[in-house]
Amino acid sequence: AAKRFIVVEDIYGEFLEKFKAKVKKLNIGDPADKNTELSVLAREDLAKTLKKQVDTSIGQGAKVITGNKTDKAYFEPTILTNVKPGMPVFDEETFGPVAAIIKVKTKEDAYKMASHSKFGLGTMVFTQNIDDARKQIIQIADGAFFINELVKSDPRLPFGGTKASGFGRELSKEGIHEFVNRKTVFINL
1 AAKRFIVVED
11 IYGEFLEKFK
21 AKVKKLNIGD
31 PADKNTELSV
41 LAREDLAKTL
51 KKQVDTSIGQ
61 GAKVITGNKT
71 DKAYFEPTIL
81 TNVKPGMPVF
91 DEETFGPVAA
101 IIKVKTKEDA
111 YKMASHSKFG
121 LGTMVFTQNI
131 DDARKQIIQI
141 ADGAFFINEL
151 VKSDPRLPFG
161 GTKASGFGRE
171 LSKEGIHEFV
181 NRKTVFINL
């Protein structure tokens, strides 16, 4: 799931209102129900870890727009604003429904901020300027770069990260080769 949302200030207010409305409409419930969009975390300790990351970030200046309530393994979808580097929700992987919204002045600032992470699984850029986004493909060191689409895995394509998000790939022919041992054999007759 997306973790950090880096938004230029020109559209920040509109984005935040629309995003908040979407989060409030999520169908939360039983994971066995096909209509459920969001359910509990896998374990209660994961919810506690996530709560600590969020609360520490709030103590460092992040603001809660919605959410941040827990009940055992359930963690309410949470939107945080005023998120900065140095906060756990910016610097660490958050395994749960927490959206860290980072406001920047320009698209150039957004691209710099996107690169400012020790993780590198995937980047999504939503823009009307496709050519400008294409220029960032090489600049941002992630394993996947999606333009106007959510990062997702596809069994036909290799999937994996860079930096602290892992080495190598899974899925596709390339991914299968990551899980086998190749052997070079040379026979001089």
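Counting in UniProt numbering, the final residue of the sequence shown is number 189, and the numbers go up one at a time with none missing.
Ideal placement from N, C-alpha and C gives every residue a C-beta, glycine not left out.
Cβ separation of residue i and residue j, assumed to be a contact under 8 Å, to the nearest whole Å
i	j	result
Phe-159	Gly-175	7 Å
Met-87	Gln-60	5 Å
Met-124	Val-151	5 Å
Ser-172	Arg-182	With 8 Å as the limit, Ser-172 and Arg-182 do not qualify as a contact, their Cβ atoms being about 17 Å apart.
Val-104	Ala-73	That belief does not hold up - the Cβ atoms of Val-104 and Ala-73 are roughly 34 Å apart, past 8 Å.
Ile-102	Ile-6	5 Å
Extent of the continuous beta strand (DSSP E) run through residue i
i	result
Phe-145	144-147
Thr-184	Careful: Thr-184 lies outside any beta strand (DSSP E) and carries neither H nor E.
Ala-99	98-104
Beta-carbon spacing of residue i, residue j below 8 Å
i	j	result
Gly-161	Gly-120	yes
Val-46	Pro-77	According to the sequence displayed, residue 46 carries Leu and not Val. For Leu-46 and Pro-77, no; Cβs fall outside 8 Å.
Ser-57	Val-83	yes
Arg-169	Phe-90	no
Ala-144	Lys-163	no
Val-54	Leu-80	yes
Lys-51	Thr-70	yes
Ala-100	Val-8	no
Phe-146	Gly-166	no
Assigned secondary structure, residue i (DSSP; H/G/I helix, E/B strand, else coil)
i	result
Lys-163	strand
Gly-122	strand
Gln-136	helix
Endpoints, alpha helix (DSSP H) assigned at residue i
i	result
Gly-175	172-178
Phe-90	88-91
Ser-115	107-115
Lys-152	No alpha helix (DSSP H) contains Lys-152, which DSSP labels as neither H nor E.
Along the chain, which unbroken stretches of the alpha helix (DSSP H) at least 4 residues long are found entirely within the region 4-85? 9-24, 44-59
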